[in-house]
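>
Number of protein chains: 6
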Amino acid sequence: MEEKKLTGKIARERIYLMETPRPPAGLIEAFKSLGDATGIVSDVMDQLGMTWTVPATLLKPTIAGTCIVGPALTVRNIVQREHVYETARNSVNKMAEFEAHNLACPGDVLVLEGVAGISNMGGISAQIAKRQGEAGAVVSGGIRDIAHSRRVQFPLWASEVTPITGKWRLETVAINTDIEIFGVRVAPGDIVIADDTGVCFIPRARAAEVLELARKKSAAEDERCRSIDAGVAIADLPKRNRESA
Amino acid sequence: MEEKKLTGKIARERIYLMETPRPPAGLIEAFKSLGDATGIVSDVMDQLGMTWTVPATLLKPTIAGTCIVGPALTVRNIVQREHVYETARNSVNKMAEFEAHNLACPGDVLVLEGVAGISNMGGISAQIAKRQGEAGAVVSGGIRDIAHSRRVQFPLWASEVTPITGKWRLETVAINTDIEIFGVRVAPGDIVIADDTGVCFIPRARAAEVLELARKKSAAEDERCRSIDAGVAIADLPKRNRESA
Amino acid sequence: MEEKKLTGKIARERIYLMETPRPPAGLIEAFKSLGDATGIVSDVMDQLGMTWTVPATLLKPTIAGTCIVGPALTVRNIVQREHVYETARNSVNKMAEFEAHNLACPGDVLVLEGVAGISNMGGISAQIAKRQGEAGAVVSGGIRDIAHSRRVQFPLWASEVTPITGKWRLETVAINTDIEIFGVRVAPGDIVIADDTGVCFIPRARAAEVLELARKKSAAEDERCRSIDAGVAIADLPKRNRESA
Amino acid sequence: MEEKKLTGKIARERIYLMETPRPPAGLIEAFKSLGDATGIVSDVMDQLGMTWTVPATLLKPTIAGTCIVGPALTVRNIVQREHVYETARNSVNKMAEFEAHNLACPGDVLVLEGVAGISNMGGISAQIAKRQGEAGAVVSGGIRDIAHSRRVQFPLWASEVTPITGKWRLETVAINTDIEIFGVRVAPGDIVIADDTGVCFIPRARAAEVLELARKKSAAEDERCRSIDAGVAIADLPKRNRESA
Amino acid sequence: MEEKKLTGKIARERIYLMETPRPPAGLIEAFKSLGDATGIVSDVMDQLGMTWTVPATLLKPTIAGTCIVGPALTVRNIVQREHVYETARNSVNKMAEFEAHNLACPGDVLVLEGVAGISNMGGISAQIAKRQGEAGAVVSGGIRDIAHSRRVQFPLWASEVTPITGKWRLETVAINTDIEIFGVRVAPGDIVIADDTGVCFIPRARAAEVLELARKKSAAEDERCRSIDAGVAIADLPKRNRESA
Amino acid sequence: MEEKKLTGKIARERIYLMETPRPPAGLIEAFKSLGDATGIVSDVMDQLGMTWTVPATLLKPTIAGTCIVGPALTVRNIVQREHVYETARNSVNKMAEFEAHNLACPGDVLVLEGVAGISNMGGISAQIAKRQGEAGAVVSGGIRDIAHSRRVQFPLWASEVTPITGKWRLETVAINTDIEIFGVRVAPGDIVIADDTGVCFIPRARAAEVLELARKKSAAEDERCRSIDAGVAIADLPKRNRESA
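Chains as they are written, first to last, in my numbering: chain A, 975 to 1219; chain B, 975 to 1219; chain C, 975 to 1219; chain D, 975 to 1219; chain E, 975 to 1219; chain F, 975 to 1219.
Spelled out as structure tokens, the structure:
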């Protein structure tokens, strides 16, 4: 991995990890098998005292019906100092999420603490993310070229959609360091789960614990759904116990 | 109806009516035959001095292209007093919209004055509402498990979508009493009409009057549409009279 | 054009131009051939020192996947002075965007500085706009009858969706004069480009200049996309030069 | 008045009235004698079916404890078309509320439909307004130099306070025409009443009627206050009748 | 207390307690002696797992520099069903916080879950609250007649200030029951502490516990302030221990 | 300076500069002599193509009538990862703006990119800042203990006021690095000017240039004020030239 040729778009010392920490084998698949799981995962994290969930009202999906799971590859953008009037004329482009794509492992989820009011990721960026095998992206702030990213079937969750480019307005200042997404602190390698209802961020160290509880809860919910389909009267439905509440 | 077995999730005295008042025969079907009627109904209510309409910008539909009509079965939630850290660990679940499903008659529309920032209704709740024959639900506050409720084809209108559960954060404090939905006061049995453009709440006592005017207006609009299709010049289109304005 | 019969819904002197200035031949088609171009056009305008772009977060499209280009036919609405309680009973209707439809040339884009919180354009209005050959409409403020306008395949970009009519609450005070759409000043005949990502307004006098730069940028982006599909390593992708940045 | 030398900052035809319509003799003084009267005036307008009131939450006073009454001298600003980068360097100043000051009669209240996010009126403008005898100003949008306007004791009600100038970003497009202030339509000569609680706009033609009812209501309220001071038990306080409700 | 003559403005069964539960002797005075204590009290509640605090950004004080402590006398308002156009003409006044003043004991803090966008408490109401010896009022929603309540030195914390009356737009539906203030559930008799920084609601049953910890923390903070005044270097300041953190 | 004893509240490598760059001699005093200068300074920066100004609507002053000028001592906070329920009980305090106070030189202005919704700076912190000779503080996010900071006459500009502590909810992650305050990038040593109207951030390298233009503009404005006081007719006031526009 060290030999990977860098793009030079961001200083080497601002890349805090050259590779996102890999999840344990089978973990991602196990979470995926739960289906649209942000509700269940959020409940389990509640019970463990860590509600790190952002609603779809804030992070809206670009492709309805999609569900992704993967380790977080983090990027942080802040505003540039120079006036866009100058930077646009002189093409002063300090956007460097391409370096993150360069470092991405298949299955990674790009999680980008972006700048509000402008685009932090466009269609070509989505296309290359898709090629690199990333599962999707979560962006606080704007994105653009929605039709393009939908065409290449690369799903994003973002708080804004805007044609106004960030390339002359922002600077990527860190890759694979702790970032903040709508009040949730996300570390590289945290497990990201996103669906139509929202996005959960599970600390890597506790992902196995969350998975185990989520499985039990999911099984209990399936049981309840079967009871409903079987026509059991509401007052006779099995009580939700601690695992399935 | 009195013998219906209750769920025990909410005290009996907090259920103000065991059944939502039934609309006159044929009324629901007549409103349905008007198609996407929130515009027309809102206009009629304007003329009668009662604009009880909430825009789709606030109450967003989960299934585009759906239109529902039915009497309101109302539920009110407020925040719990205990910290979620304790309630989640101890599964202190005070959510009781299941009791409302239990009491629902086919065609009812669940109207829920919910708590903002959290989910007041999830996928299993939508599934059981569907089974009970409810027409749909209108929720001020969050809902979750959107993919689930779409799968069972149960339409909701809600102001937020979030994985964060309300079950440990809210308490259902009333069923079938007057509630407030974004500044509109809704009584049990009020006629709810919801489509892609918004939601109207028609007082039960005046529903027949609204229907009659809405029918006239709808006929006049159809006439105008036919004139347009027939190529009548804009300046020659029939004037909108009082009924059709 | 002078002989065109007017609707009488707005005083003649409030129509500042009887026809929107026509774009040079081929210009609209050339912009359309760029596909979803608001990103590229916004970038070019940045470089020329004029960022007149409104994000889709503010002006949301009613029909996803649609892209329109055309000259702006402008309309301005402000609130009526009388109370809706009286105006609705007396059908005091001061809405006059129908006059704009009456004056529209095929390909025009209706750009409407509307009133917030109410509908400035409904389904019948969309239907007649479609018949007149308008390409679409951009509305700051509310619109209604979304299902109707979708049915006739007339695309709108609007900031709100609400059943509450403007006809008794607003007055159309100008047609084809300068208006303001979310901080952007739009003149009649400006070129409007709208897609899933947002809306750009290009001053008519500079549209050819913008087009030329946009074409170069689009070609460079296509080149980059091909390199990506060809598997070129990210660090080896061609540098974005000034034209393609 | 016709001979008054103009500033040339705005085209003559954009000044719709050279002088704001004068209120009947004694009317302003009579309203002033009611004290902080926006509550009472708003109630009377409610009863007459015209609630044209803007809360202090939106239009915040710069000098607490001040109350003003006077006829509206209206001004409308919209955004400029050129980029501030160019206009600031070239001092392209299209702000013309100075012309309104030039035309002001003593006692006038400047009511300015301004541009959000920038300053529509600064300290020197406030100083000259004070010298011209204006009673105060009401501005939707930003103002600046608050310390300056406080120093010369010129009270303003505005929705924003910001150092960012409008002079290179906005254009004054009309003086003494109908404008819109947070959903209220204001005509030149309307009576403006502003205090710590908000701002009321009374149509000129109905000001005498409003005054008469307001006086009765005010007298009834004084009576109630005296009863309270006299220690009358709450349950024994005189009923509010229609005039004093 | 039972014989207290009621006002009749609200049905007797909607008054859930005729008197707010009284705090233990000395408790209020002890909290008051801590000065501006919302910061300290909020910290203690954090440590006890119950953060029931609303920022001054949401509940703004009308009289800066004031600090109040007292038991909550709760009131809940919701919107009326009828149109204000009718209710104002017919003086249909369903506001009943006067009944709460009637029942108030000296030192009570009126806590009112009000309706947004309109006034839930005016100047005369403040004047009578003052006469009854209430310590102040906390209102979610609007209040009016700010100059009046300041004149009689009755402090309020409210989210909005507006002249638009609630008397014809709202209905008081409960006195001395559980209410919700910006996400905090407040019961009658809860201890309210309000200052320039915000408002804390302490559950009555735990007030003594909170007081004890708050006193320790306050003493530790005083010690730190004295060290600062004495010129102790920052790096040498005493560590904050658990009690004083 | 190197020998200064550190507090240990933040890792040494997260302090990017041990001292904020000092402004040229006389510069601060010269800016101060301009009075409430954010309007003038914002104009000059406009002309130089760098509008780095935040309105008082966003950053509200705690002490009206105060004006400060000084070099920025920057601090950045982000959310902690652990749940407050645990951190509060265990007093896990990661707030380290005290280290910035420790490093402060007299005249510095603390500029803090804080966390929204919680307090980033309290009364004791203000008291020590005052003792260290800091001119004031500018905080994006919440502050608390307003009465305390007013008592020691330490002025702050902040976006929120809340009793809810950040000490268990945030972590100070950098001192004297580039930060972002409401879309403006601020570097350590940038000149901060704050008054009742807002806050300007002048890049250190261009401060002398800004000062020179600001002085000319200020002199021209004084001249205009004198003309106004002298009764010069508005149409005869000296034209604003480029320097004074």
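Heads up, the beta-carbon is just placed ideally off N, CA and C, and yes, glycines get one too.
Roughly how many angstroms lie between the CA atoms of valine 1173 (chain E) and glycine 1157 (chain E), to the nearest whole one?
Residue mapping note: residue 1173 (chain E) aligns to position 199 of the fifth sequence, counting from 1. Residue mapping note: residue 1157 (chain E) aligns to position 183 of the fifth sequence, counting from 1. C-alpha separation (whole angstroms): 13 Å.
> Could you pull the start and end residues of the beta strand (DSSP E) that leucine 1047 (chain D) belongs to?
In the fourth sequence, the residue the question calls residue 1047 (chain D) occupies position 73. Taken as a continuous stretch (DSSP letters only), the beta strand (DSSP E) holding leucine 1047 (chain D) covers 1042 to 1053.
> Mapping DSSP to helix, strand and coil, what is phenylalanine 1226 (chain B)?
Outside the displayed span of chain B (975 to 1219) sits residue 1226 (chain B), for which this structure offers no information.
> Here's the rule: buried if 16 or more other CB atoms are within 10 angstroms of the residue's CB, otherwise exposed. What is arginine 1200 (chain A)?
Position 226 of the first sequence, counting from 1, holds the residue named residue 1200 (chain A). So arginine 1200 (chain A) counts as exposed.
> Considering valine 1112 (chain E), what are the terminal residues of the beta strand (DSSP E) in which it resides?
In the fifth sequence, the residue the question calls residue 1112 (chain E) occupies position 138. Taken as a continuous stretch (DSSP letters only), the beta strand (DSSP E) holding valine 1112 (chain E) covers 1110 to 1117.
> Below 8 Å, can you find three or more Cβ-Cβ pairs linking the segment 1043 to 1056 of chain A to the segment 1142 to 1149 of chain A?
Segments in contact, yes.
> So, alanine 1209 (chain A) versus leucine 1086 (chain B), is the Cβ gap smaller than 8 Å?
Taking the first sequence and counting its residues from 1, one reaches residue 1209 (chain A) at position 235. Taking the second sequence and counting its residues from 1, one reaches residue 1086 (chain B) at position 112. No. Outside cutoff.
> In this structure, how does DSSP classify threonine 994 (chain C) when only helix, strand and coil are distinguished?
As a working note, residue 994 (chain C) is residue 20 in the third sequence. Residue state, collapsed to three classes: coil.
> How many Å lie between threonine 1012 (chain D) and proline 1045 (chain D) at the Cα?
Against the fourth sequence, residue 1012 (chain D) aligns to sequence position 38. Against the fourth sequence, residue 1045 (chain D) aligns to sequence position 71. Spanning the two alpha carbons is a distance of roughly 15 Å.
> With alanine 1182 (chain A) and leucine 1001 (chain A) assumed to form a contact (beta carbons below 8 Å), what rounded beta-carbon distance in angstroms separates them?
As a working note, residue 1182 (chain A) is residue 208 in the first sequence. As a working note, residue 1001 (chain A) is residue 27 in the first sequence. Between leucine 1001 (chain A) and alanine 1182 (chain A) the Cβ distance is about 7 Å, and since that is below 8 Å, they are a contact.
> I'd like to check one pair, serine 1123 (chain F) with leucine 937 (chain F): are the Cβ atoms closer than 8 Å?
In the structure displayed, chain F extends from 975 to 1219; residue 937 (chain F) sits before or after that span and is not available.
> Check whether the segment 1161 to 1175 of chain C and the segment 1067 to 1078 of chain D touch, using three or more Cβ-Cβ pairs below 8 Å as the test.
In short, these stretches do not touch, since the Cβ pair count stays below three.
> In the DSSP assignment, the beta strand (DSSP E) including arginine 1180 (chain E) goes from what residue to what residue?
The residue you call residue 1180 (chain E) lines up with position 206 of the fifth sequence. Note, arginine 1180 (chain E): premise wrong, no beta strand (DSSP E); not H, not E.
> Across the segment 1098 to 1112 of chain C and the segment 988 to 1006 of chain B, are there enough close Cβ pairs to call them in contact, namely three or more that are closer than 8 Å?
Taking 8 Å as the limit for Cβ pairs, the verdict is that the segment 988 to 1006 of chain B does not touch the segment 1098 to 1112 of chain C.
> Say whether chain C places a C-beta atom closer than 8 Å to the C-beta of methionine 1024 (chain D).
The residue you call residue 1024 (chain D) lines up with position 50 of the fourth sequence. It does; some Cβ of chain C falls within 8 Å.
> If we cut at 8 Å on Cβ distances, does alanine 1219 (chain C) have a partner in chain A?
As a first step, residue 1219 (chain C) must be located in the third sequence, where it is residue number 245. Note that alanine 1219 (chain C) scores 35 on pLDDT, short of 50, meaning its location in the model is unreliable and no value can be drawn from it.
> Between leucine 991 (chain D) and chain F, is any beta-carbon pair separated by less than 8 Å?
For this step, residue 991 (chain D) is matched to residue 17 along the fourth sequence. Answer no: the Cβ-Cβ gap between leucine 991 (chain D) and chain F never drops below 8 Å.
> For serine 1016 (chain B) and isoleucine 1138 (chain C), which I take to be in contact (beta-carbon distance under 8 Å), what is that distance rounded to the nearest angstrom?
Walking along the second sequence from the start, residue 1016 (chain B) turns up at place 42. Walking along the third sequence from the start, residue 1138 (chain C) turns up at place 164. Sure, about 6 Å apart at Cβ, within 8 Å.
> Compare the C-beta of arginine 988 (chain B) against all C-beta atoms of chain E and say whether one is closer than 8 Å.
In the second sequence, residue 988 (chain B) corresponds to position 14, counting from 1. It does not; no Cβ of chain E falls within 8 Å.
> Can you give me the start and stop residues for the alpha helix (DSSP H) that valine 1058 (chain F) sits inside?
By 1-based counting over the sixth sequence, the position of residue 1058 (chain F) is 84. Run containing valine 1058 (chain F): 1058 to 1063, per the alpha helix (DSSP H) assignment.
> With 9 Å as the limit, tell me which residues of the segment 1098 to 1119 of chain C have their beta carbon closer than that to any beta carbon of chain D; keep them in chain order.
So the list is empty, because no residue satisfies the distance condition.
> Anything in chain F within Cβ reach of lysine 979 (chain D), meaning under 9 Å, just list it in chain order.
Numbered from 1 along the fourth sequence, position 5 holds the residue referred to as residue 979 (chain D). Those are Ala1207, Ile1208, Ala1209 and Asp1210, listed as they occur along chain F.
> Of all the CB atoms in chain D, is at least one closer than 8 Å to the CB of isoleucine 1052 (chain E)?
Within the fifth sequence, residue 1052 (chain E) is the residue found at index 78, counting from 1. No, its Cβ sits nowhere closer than 8 Å to a Cβ of chain D.
> Give the single residue among F:Glu1186, F:Pro1177, F:Lys1191 and F:Asp1196 whose Cα lies nearest to the Cα of glutamate 1056 (chain A).
One-based indexing of the first sequence puts residue 1056 (chain A) at position 82. Closest option to glutamate 1056 (chain A), Cα to Cα, is F:Pro1177.
> If you draw a straight line from the C-alpha of methionine 975 (chain A) to the C-alpha of glycine 1039 (chain B), how long is it?
Taking the first residue of the first sequence as position 1, residue 975 (chain A) is located at position 1. Taking the first residue of the second sequence as position 1, residue 1039 (chain B) is located at position 65. Reliability fails at methionine 975 (chain A), whose pLDDT of 46 lies under 50, so the model's placement of it is uncertain and the value that follows must be treated cautiously. If I take the Cα positions, the gap works out to 50 Å.
> For valine 1058 (chain B) and chain A, any beta-carbon pair shorter than 8 Å?
By one-based count along the second sequence, residue 1058 (chain B) stands at place 84. Yes, valine 1058 (chain B) counts as interfacial toward chain A.
> Report the three-state DSSP secondary structure of threonine 1146 (chain E) (helix, strand or coil).
Walking along the fifth sequence from the start, residue 1146 (chain E) turns up at place 172. Strand at threonine 1146 (chain E).
> Could you check if serine 1192 (chain B) is buried or exposed, using at least 16 other CB atoms within 10 Å of its CB as the buried criterion?
Indexing the second sequence from 1 puts residue 1192 (chain B) at position 218. It counts as buried.
> Rounded to whole angstroms, what's the CA-CA distance from threonine 1136 (chain D) to isoleucine 1014 (chain F)? Just pull it up for me.
As a first step, residue 1136 (chain D) is located in the fourth sequence; it is residue number 162 there, counting from the start. As a first step, residue 1014 (chain F) is located in the sixth sequence; it is residue number 40 there, counting from the start. Looking at the two C-alpha atoms, the distance is approximately 12 Å.
> Counting contacts by CB-CB distance shorter than 8 Å, is glutamate 1154 (chain B) in contact with chain E?
Counting from one through the second sequence, the residue named residue 1154 (chain B) turns up at place 180. So yes, glutamate 1154 (chain B) belongs to the interface.
> Going by the CB atoms, is the gap between asparagine 1150 (chain C) and leucine 1047 (chain C) shorter than 8 Å?
Taking the third sequence and counting its residues from 1, one reaches residue 1047 (chain C) at position 73. Taking the third sequence and counting its residues from 1, one reaches residue 1150 (chain C) at position 176. For leucine 1047 (chain C) and asparagine 1150 (chain C), yes; Cβs fall inside 8 Å.
> With 8 Å set as the bound, which would you pick, yes or no: does the beta-carbon of arginine 1216 (chain F) sit closer than that to a beta-carbon of chain D?
In the sixth sequence, residue 1216 (chain F) corresponds to position 242, counting from 1. Bear in mind that the predicted position of arginine 1216 (chain F) carries a pLDDT of just 38, short of 50, making it unreliable; the figure below should be weighed with that in mind. Yes, arginine 1216 (chain F) counts as interfacial toward chain D.
> Just how far apart, CA to CA, sit isoleucine 984 (chain F) and aspartate 1152 (chain A)?
Walking along the sixth sequence from the start, residue 984 (chain F) turns up at place 10. Walking along the first sequence from the start, residue 1152 (chain A) turns up at place 178. Near 16 Å, if we compare the C-alpha coordinates of aspartate 1152 (chain A) and isoleucine 984 (chain F).
> Do glycine 1140 (chain A) and asparagine 1094 (chain A) have their C-beta atoms within less than 8 Å of each other?
Walking along the first sequence from the start, residue 1140 (chain A) turns up at place 166. Walking along the first sequence from the start, residue 1094 (chain A) turns up at place 120. Yes, Cβ-Cβ distance for glycine 1140 (chain A) and asparagine 1094 (chain A) is below 8 Å.
> Quick check on this structure: which residue in E:Gln1021, E:Trp1026, E:His1075 and E:Ile1092 has the alpha carbon closest to the alpha carbon of glutamate 1060 (chain F)?
Within the sixth sequence, residue 1060 (chain F) is the residue found at index 86, counting from 1. For the residues E:Gln1021, E:Trp1026, E:His1075 and E:Ile1092, the minimum Cα distance to glutamate 1060 (chain F) belongs to E:Gln1021.
> Going by Cα to Cα distance, which pick from F:Phe1005, F:Phe1072 and F:Gly1091 is closest to threonine 1100 (chain F)?
Counting from 1 along the sixth sequence, the entry for residue 1100 (chain F) is found at position 126. Note that residue 1100 (chain F) is alanine in the sequence shown here, rather than threonine. Closest by alpha carbon: F:Phe1072.
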